[in-house]
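Below you'll find the structure, written out as structure tokens, and then a few comments.
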Amino acid sequence: DSYTAFGALLRSRGLKLLFAVILKIGNYMNAGSRMGKAFGFTLKTFEVLSGLKSTDNKSNLMHYLVRYLNDKGMFDVFIEEMAPLE
């Protein structure tokens, strides 16, 4: 139900880590501009993640985020935490 799904989102350590990394990357990329010291971002930001390509065009920021979560041992945890959303 929606109450269970909402609770899963609020408790998710993986989601909190993901949001923190997205915010840090965004602030780094926008350093020196008024957007470089953001305290948050909109969900529309997720649409942009796959459009930000690596210099060799073989991966994008979404790929990097998945690798980052995996390297931190959080990817499987994140997937498990999101199970109630199915």
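In terms of our numbering, the sequence shown is residues 4 to 89.
Virtual Cβ for every residue (Gly too), placed ideally from N, Cα, C.
Predicted model, so just to flag it, every value in this text is computed and none were measured.
Just so you know, the alpha carbons of Phe81 and Gly17 end up roughly 5 Å apart. Closest in alpha carbon position to Tyr67, among Phe44, Lys40, Ile25, is Ile25.
Collapsing the DSSP output to three states places Asn30 in a helix.
The DSSP-derived three-state label of Lys56 is strand. In this structure, the straight-line span from the alpha carbon of Leu13 to that of Met32 is close to 27 Å. Annotation: Ala86 to Leu21 spans about 17 Å, alpha carbon to alpha carbon. Ser5 sits exposed, since fewer than 16 C-beta atoms from the chains shown fall within 10 Å of its C-beta. About 11 Å separates the beta carbons of Asn30 and Gly43, which is beyond the 8 Å limit, so they are not a contact pair.
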